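Asker:
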Amino acid sequence: MKVIKSVIRRCAILVLTGTISPLAFGQDAQSISNESASWYSFTVQKKLGAGWYLFINPEIRLKEWEVDKYLLETGIKYKINKYLSTTATYRFTADQKSDHLEYSHRLALDLKGQTKIGDFEPEIRLRYTGIADFEEDPDTKYLRYKALLAYDIPKNKLTPYLAAEAFQGLTNDDFTKMRYSIGADYKLKKGNSIGLSYKLDYYLEEYKNKHIIGLKYKLKF
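In our numbering, the protein residues as written are 10 to 230.
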């Protein structure tokens with residue numbers, strides 16, 4: 010419980026800090042570069058039994074309506090109890106350059122806590138990510154702190170949510186980016202769902218914002 014409370018407290022501080030930081034950064038709106046992107050993903054999840062789940066998630070990402078990256082992600086999730094779960098993920102990425110594809114590999118470990126308070130569903134997640142290119146590069150290692158609040162509308166298949174996430178590099182403990190999200194998931198038959206979201210990536214060390222439209226489909230069996 011002490012670990013969970015510590016993660017909750019740090020997530021809350023980072024969300025508040027990230028909300029204030031754009032004002033404190035003192036950026037001139039005219040000097041900020043704004044990029045647009047869209048992400049499309051399809052997730053297939055299979056229950057293995059006794060709290061174990063296997064998933065695979067292909068995704069394509071566009072930047073300014075041109076292909077930017079192809080991703081293929083797979084992993085194992087273990088549900089410790091109704092409040093806690095942990096996930097190990099491997100991601101293969103093909104980054105579209107002007108005349109070639111550049112490949113990379115990423116490993117991630119998650120610890121997620123969630124509960125239900127009335128119709129509200131708060132969630133926190135701590136994620137470690139590292140590029141696995143068989144080289145020890147500390148600049149590719151991050152801790153990511155995410156807080157999410159969903160609302161399960163009574164007698165409705167739509168579940169809207171708000172989220173904030175902070176990205177911390179492990180080289181010098183600097184926070185490099187905040188990601189703010191708003192979206193909704195629509196429940197389909199047999200636990201399947203489709204989701205639409207808008208994300209704002211606010212870079213804390215650059216004069217840049219990224220606006221991301223996301224569309225996802227999740228299939229469970």
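The beta-carbon is built from N, C-alpha and C at its ideal position, and this holds for glycine as well.
Being a predicted model, the structure only gives us computed values, none of them experimental.
1. Going by DSSP, what residue range makes up the beta strand (DSSP E) through residue 61?
2. Which partner residues of residue 181 appear in the DSSP bridge assignment?
3. Between residue 119 and residue 96, which are expected to be in contact by the criterion C-beta below 8 angstroms, what is the C-beta distance as a whole number of angstroms?
4. Use the C-beta contact count for residue 133: other C-beta atoms within 10 angstroms, 16 or more gives buried, fewer gives exposed.
5. Starting from residue 42, trace the beta strand (DSSP E) both ways and give me its first and last residue.
6. Just checking my contact of residue 49 with residue 224 at CB under 8 angstroms: how many whole Å lie between their CB atoms?
7. With H, G and I counted as helix, E and B as strand and the rest as coil, what does DSSP make of residue 224?
8. Straight-line CA distance for residue 113 to residue 127?
9. Checking 8 angstroms against the spacing of the C-beta atoms, do residue 198 and residue 210 come in under that value?
10. Between the Cα of residue 191 and the Cα atoms of 227, 168 and 182, which residue gives the shortest distance?
11. Just reading off the beta strand (DSSP E) that residue 155 is part of, what are its end residues?
12. Under the three-state reduction of DSSP, which class applies to residue 129: helix, strand or coil?
13. Taking C-alpha atoms, which residue in 43, 55 and 215 lies nearest to residue 230?
14. Quick one: using the 10 Å Cβ neighbour count with 16 as the cut-off for buried, is residue 154 buried or exposed?
Answerer: In this structure, then:
1. 61-72
2. None; residue 181 has no bridge partner.
3. 4 angstroms
4. buried
5. 42-58
6. 5 angstroms
7. strand
8. 42 angstroms
9. no
10. 168
11. 151-160
12. strand
13. 55
14. buried
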